Structures are given as structure tokens and as C-alpha cells.
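Trainee:
In the working numbering, the protein residues as written are 288 to 1119.
1. Identify which residue in 740, 1098, 1021 has its Cα closest to the Cα of residue 1106.
2. Whose CA, out of 729, 714, 967, lies closest to the CA of residue 464?
3. Leaving aside the five residues before and after residue 725 along the sequence, list all residues of the same chain whose C-beta is less than 8 Å from its C-beta, in chain order.
4. Distance check for residue 716 and residue 1112, CA to CA, integer angstroms please.
5. When the Cα of residue 436 is compared with those of 687, 925, 951, which residue comes out closest?
6. Counting along the chain, where does the beta strand (DSSP E) carrying residue 993 start and finish?
7. Output the distance between the C-alpha atoms of residue 509 and residue 1075, rounded to the nearest integer angstrom.
8. Can you tell me whether residue 500 is helix, strand or coil according to DSSP?
9. Using 8 Å as the threshold, is the region 513 to 528 in touch with the region 558 to 576, meaning 3 or more CB pairs across them?
10. What are the complete alpha helix (DSSP H) segments, minimum 4 residues, inside the region 528 to 614?
11. Taking only three categories from DSSP, how would you classify residue 765?
12. Provide the residue(s) that pair with residue 731 in DSSP beta bridges, ordered along the chain.
13. Given this structure, state the Cα-to-Cα distance separating residue 593 from residue 646, to the nearest angstrom.
14. Return the Cβ separation of residue 783 and residue 733 in integer angstroms, given the expectation that the two are a contact with Cβ distance under 8 Å.
15. Between which two residues does the beta strand (DSSP E) harbouring residue 829 extend?
16. Starting from the Cα of residue 841, find the closest Cα among 834, 850, 833 and give me that residue.
17. In the region 642 to 729, which residue ranges form an unbroken alpha helix (DSSP H) of at least 4 residues, counting only runs that do not cross its ends?
18. Starting from residue 892, trace the beta strand (DSSP E) in both directions and tell me its first and last residue.
19. Using the Cβ count rule (16 or more neighbours within 10 Å means buried), how would you classify residue 680?
20. Taking residue 804 as the reference, give the member of 482, 344, 894, 1115 with the closest Cα.
21. Could you give the first and the last residue of the continuous alpha helix (DSSP H) run that contains residue 1020?
22. Per DSSP, which residues does residue 864 bridge with? Please list them.
23. Expressed to the nearest angstrom, what Euclidean distance is found between the alpha-carbon atoms of residue 640 and residue 632?
24. For residue 313, collect the residues of the same chain with a Cβ closer than 6 Å to its Cβ; drop the 5 residues on either side in sequence, then sort them by chain order.
25. How big is the Cα-Cα spacing for residue 862 and residue 885?
26. Taking the C-alpha atoms as reference points, what is the distance between residue 1005 and residue 831?
27. Looking only at its chain, what residues have a beta carbon closer than 8 Å to the beta carbon of residue 986, apart from the 5 residues adjacent to it on each side?
28. In chain order, what residues of the same chain lie with their CB nearer than 8 Å to the CB of residue 928, ignoring the 5 residues before and after it?
29. Runs of 4 residues minimum, wholly inside the region 445 to 501: which ones carry the alpha helix (DSSP H) assignment?
30. In this structure, does DSSP put residue 974 in helix, strand or coil?
31. Let's see if you can read the secondary structure: which residues bound the alpha helix (DSSP H) around residue 427?
32. Report the partner residues of residue 904 according to the DSSP bridge assignment.
33. Determine, using beta carbons only, whether residue 387 and residue 440 come nearer to each other than 9 Å.
34. Out of curiosity, what's the CA-to-CA distance linking residue 390 and residue 932?
35. As a quick exercise: from 371, 502, 507, 353, pick the residue whose alpha carbon is nearest that of residue 496.
In C-alpha cells:
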């Protein structure tokens, strides 16, 4: 920890550096760097003038100054890149109190950054009056940045509006709760009202609003924020972003924003993965990526960084957008002398960007804040990293505040708004648990005389009423037939009629019915996926990788059953990659985790990560060999992730396991560089278990092991010696005891003979009745099934609850073993 005396010496040294830098700037005003930057400024100005400066923005009513900023940043691409620093005027190493002019970057280089980043300044627990005061203070801070010659950008680390905790609290289904129609949508509106206040009160000396690059809902490709990928479908995220733009632009009249989309980084240059949650060209002005370096300008970081920057630069050129490195830096900041892996990190990153013709077109790059005190800075004011940071500043390609000229002076014309329509709710890919459902549609840029929604595959249409004054949406009510709430998808098409003709038809898909109950303890056995596409909808990718099904029918390795997960990766552009699945379940009755692994002999690091009680716990199975193996890892052996120093001494408890929200799988490159550069592993049978086994006579390799372990949480059928007797016939009394866990009034057969053996036909009949005796079309007639029981048998076979013996025989008279009992009820409980 830095002492007060050491900080004072550091600030004195920084002040001396500043004085020296200013003196040098006065003595050498016409050096090579100054000449090169003058040429750059001239060429940017000529490009803007030659183009006639038409600008196509998310806000066609953007102020002239805002349009000019866009034109400047668009046209500087390839000629230079603006350097940005988060909260440069608010906190630092070289000053203790912000005064609107003190700056670490200025202390180090004699110049202010060309871009200064801000956040909303709100914190959990603030009163409404305090929040409004912070909105006013932020407007003043943006004015200070404008006064020192910098462009302002603003991001939002919004607290969890459901729980009231900070932005890292991912509980409460918060993303869906703040969407239009959600339980906490009004809280989001109130937050955006304060953002609008800041925007409209950040006023330049000429009395006009100061242009701001607004970057909401950033890094959503990860799942560390509550708006991240694991907590909503891509369509739901798109609607969150679209609503933010439409509310600020169309309801609050904010016209000094450029809107930035920055879903994170680590895409390996994959355009499809980057655009997975893209709200659309009509809502975005800046394409950005965020990427921090863990390893000191390693080849994998630099290649991955330039691949992503080059990809967004190419996309920006095609779409008429700006591209930017919206966050970058050394992960954890600048270390004390002797602890930095690469003392030329800044110029190494810059040179890699300059060397790639596409990546070199980024308009600006912004690093994180220097918070002072005991925290590490992201830009140095002294020490071994300072000479390189000053060399970074002196490079003619980097643009600082004194190099900005004509940013607000370009004469531009706005491209008129294009017709745009989308369903705000239900969002594309969203689940509708029951009906009736309110339909909300946004229609802009067209004089619509009729708007309606058709339900694909039916003659049902939902007419929508025009929005009331000051509102955004056309609205209507969808009465969903109860028999359609069956966990199947339905296509919806939004139709817009103008001038007697259909001018837009926008398709989307929703899933109808309540979410299936998660099976306690089970992450996945991969048997339910019909194809790779279905598998990929269930898992969120972190960085670049490919997942697919390994099928026994194709000769692929599996742990049990017919399918497993194949995870393929490469470290050409990254140092780690992974996937995640959202759970939301209670594992408090379990004591260990079991899985099957087919390793790739890569010697890389396999990371299993379980988010429980809000903490990420990890375990590390080996990838050293190439022989498949099954592994049980007691929860007592799991530890908090190494980066979570706040919970370093914590242990995984039953209280944590009562709230399991996510399961993630990562492969990290070996720390010592000895691992393979690419590989492919197969995983199967991912589930929590009671360990040692609940029953002494049921081994983990038994086919019904998972079902028998799980049945223990429903009803314990073991004897006093903790034996289950899986091969013994099930009595009617035992069967009835299990069914009564679901229906207290369940009866099976003659209560006077509870020890009589249970038969497969009886099991089919009772489970069918327990499910509500659903009407089922009978397509197969079994020789041993009476006509009165045909529907029940058809239902259990069709839903894979009880298999048939063969094409013509169900096996109606066979006795049900206790292992069968567990398997049948386990399968039944997984049904929607």
C-alpha cells in the first residue's frame, strides 16, 4: 500500500515532470511530432469538407456540433487515433482534490487526453435527491472536460434495479425486469431521466449542449454485469439498448448523444459473434470493443486485439459508423517498479495497431481510471512505465487534446430517419409464460395508418393501437390459447401499413409456456439437443470457441447415453475462452460435483466455475493425458476464483449452494506457455451428487445412478443400512409413497395389498394421471395394452418417460424394479 509520504513525493515528482514537459513544449514548438500532427489535422479537415459531410446517425435530429464530432472521428480513421482516459479530471495519482484542471495525463505528458470518460456517479443506497445532485455534478464535470479541449464519453455501471445492489449483482432476473412491461421498468425510466438531465445541462460556452459519446450496457457478451449474456436472450438485450436510445432521443429530446455499442472483446475477429446482440444500424453510431491485457503485450493478446479492432473497423466502414477501442489497458493497472511484465506496453500496443491497416482506422482508444490511494493507476505519473507512456504520447499517430482542431466546426447535413419497426415486447427469443400478453411495437420514420401482428401458422392477428402523446409504443393484447403454452416456439410478424400498402414486415420468434423446472443438481447430459444449433442456444460463449455435439452414432466419445459436448478452442488470438449456462437452482442437498472428461493432452488449464451465493468458485480437472476419465470433486475442494481476492478465504457452503445461478466452463492457456495452441475436449454427465453415494449398493457407474441419487431428494426409499436395493421389485406402497410427494392424494392399486408388485402398465397409468391425463393421439397399438390404457401408454412412450419393449409390445405386465422406479419418475420430473 502506498503511504501518504510516498504519495506526496509522487505528486511532487509529477509536478516537476509537468513543468519540464511544458518547458520542452515551449522550447520545441515545431518538432517532427508537431509537424506530423499538423499534417494529420489538415488532412482530416480536407476529408470532411470534400465529403460534403453528410452524416447518418442514430439521431437524425442530432445537434450540429454532435454531427461535427461524428464527422471528425469518422474521418480521422487511419490518420491518427485519439487517446482517452476514464475520469481523468476527477481522480488521480498527482492530485488529491479535483478542480476541473488537474490531470494525471497532463502531469505525465504536459497534455490532456483527447477523450475523457465519465460514469453517472450514482451509488447504491443514494436518495433520490442525492442522485439528482450527482446528475448535476456530472454535467459540470463534462463542461470541465470540454473546457480543457477533450471530447466526453459516458458509460453506465447501473446498479441492479431489482435488488438494489451494485452492477455485479446478477440475481433477480434484472435484465428482463427493466424491459418494457417488466416489473422494474419504471426504475429504468427514472435512471434514464437523470441521464437526460446531465446531457441537457452539460452546456458549452456558446450555450449549446456539449456532444457526448454515450456507451450504455457495455461488455454484455460477458456475464459479470446483470445485463450480460447469461441473463437474457440476444433479442432481449437488443430491446434494452433500443429502448434506451428511443426514450432518450424521442421522449426526452436528448440530441447531443452519439451512441456506442461495445459488447466486450475476445471475439477473435468473428463478425457474427460480435454482432450477436447488435441493436441495428438505426440505433448505433460507434462500434467498439473492450479488451484488457493479462500477460504484458503477449503475441496472443496483440493478435486477438488487432483481429477484433480490424473486424469492427471493416464493419464500421461498411455501415458508415465510427470504430473505437472503447476500453483497453493493463489488467489491474500499472504495477510498482519491478512488477510490470512489459515496460514498453503502451508503445507495443500502439505499434501493433499501427501495423494493421484495418485496426489503425480506430478513431480513439480509452484506458481506465486512476483512482489514487492504494489502487494501481492505468496511466503512470512516475516510475518505470512513464518513459514508454511519454513515448506513446510523442508518437505522431496518437492525438491528445492540444491536437484537436475543428472538432465542432464542420458543416454537416443529417441523413433523414429511415422507417424502423420492431417488437419491444415480447422481445425476439423471449419466453411468454402465460397469457394474455401485451404487445408493444415501436414504429418510427413512417406515417403508419395500421399496425398489427400476425401469429405464424394461424389466422390470428393482434391489432395495435397508436401510441398516446409522449409514449413510444403501438399496443395490443395477445390472447394465447392455453394449449399453445407448451414450450414450443411461435413466429410473430409485425406488419406496418402506410398509404394502403404494407411498408414493413418484421419477423421474430417467442417461446410459449413456463420455463421447465431445472432438475436438481444437473447441469447437462446433452441428450435433449437435436442438433448443434439447439445446443448453442443454451450456452453463452465467452471469447472465441466452437461447441458441438459429440455423437456415439458417429463414433464420437461420450460419457454415457448417445451425446456429449465437444468444446474446440484456439489460443491464436486469446489466452482463455469458455461457455456458460444459467441455472437458478438449489444444490444445498449435494456435496460433490461429478463429470466425465475426454482430455486432449494439451496441458492447458480446464476451469469449472460454479457461481453460488453470488461468488464464483472454481475447480481444475486435468487436461494432461488423452484417456477419458470420470471425476468427482467434493464441494469442499472448490475455491473462489483467483481474481476474486475479496473472497479469497471463503468456502463453498450449503447456504451458497442453495443459490446456484451459473455454471461456466473455461479453457485457459497454460501459464508457463507449455500448453498446446489449440485443442478439443469432450465433456459429459455434468451433475452434482451426494458424496459419498447416498446408497451403499448403488455405484456411480450404474446407468440409473443419477436418477437414484436424485430420487433421494424426493423420497428416501433406502433401508436402515443405507442400501437402495435397485434390482428388487417395486411394491405398490413404495410407488404410492413417491407419487404422494407430488400429489398427497395419490393412490396406486388396492390399499389392502401395498406389497403387491408394481407393473409397467400401472406405472404408465399413474404417471399419466399425475400429469393431468393429457389428451394424446394414439399412433401405435401395443398387443399387451388394453384400449382403455392406450392414451396413457402413448403419452409415456412419446415423452420418453417409460420406453416400450418393442414395436408391438409395451411390456405391460413386467414388474418395475426400484431402479426403474427412479428412472421413470426422474424422466417425468424433467418434462415441461
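Yeah, the Cβ is synthetic: ideal placement off N, Cα and C, and Gly gets one too. Only a predicted model underlies this, so the values are computations on that prediction, with no experimental measurement involved.
Mentor: The structure says:
1. 1021
2. Cα-wise, what sits closest to residue 464 is 714.
3. 468, 712, 762, 763, 764, 765
4. Their Cα atoms are separated by approximately 31 Å.
5. 687
6. First-last for residue 993: 992 to 998, but that is the alpha helix (DSSP H), not the beta strand (DSSP E).
7. 53 Å
8. strand
9. yes
10. 558 to 561, 586 to 606
11. Strand, per DSSP.
12. 707
13. Near 6 Å, if we compare the C-alpha coordinates of residue 646 and residue 593.
14. 6 Å
15. Where residue 829 is concerned, the enclosing beta strand (DSSP E) stretches over 827 to 829.
16. With distances taken between CA atoms, residue 841 lies nearest to 850 out of 834, 850, 833.
17. Runs found: 673 to 681.
18. 892 to 899
19. That one is buried.
20. If you compare the alpha carbons of 482, 344, 894, 1115 with that of residue 804, the shortest gap goes to 1115.
21. 1019 to 1026
22. 954
23. 12 Å
24. With a pLDDT of only 38 at residue 313, under the threshold of 50, the placement of this residue in the model should not be trusted; the figure read from the coordinates follows. Same-chain partners within the cutoff: there are none.
25. 21 Å
26. 47 Å
27. 980, 992
28. 896, 903, 904, 905
29. As for any alpha helix (DSSP H) of minimum length 4 sitting wholly inside the region 445 to 501, the runs are 461 to 465, 472 to 488, ordered along the chain.
30. Three-state result, residue 974: strand.
31. 415 to 434 is the span of the alpha helix (DSSP H), which, as asked, contains residue 427.
32. 897, 927
33. For residue 387 and residue 440, no; Cβs fall outside 9 Å.
34. 30 Å
35. Nearest in C-alpha terms to residue 496, of all of 371, 502, 507, 353, is 353.
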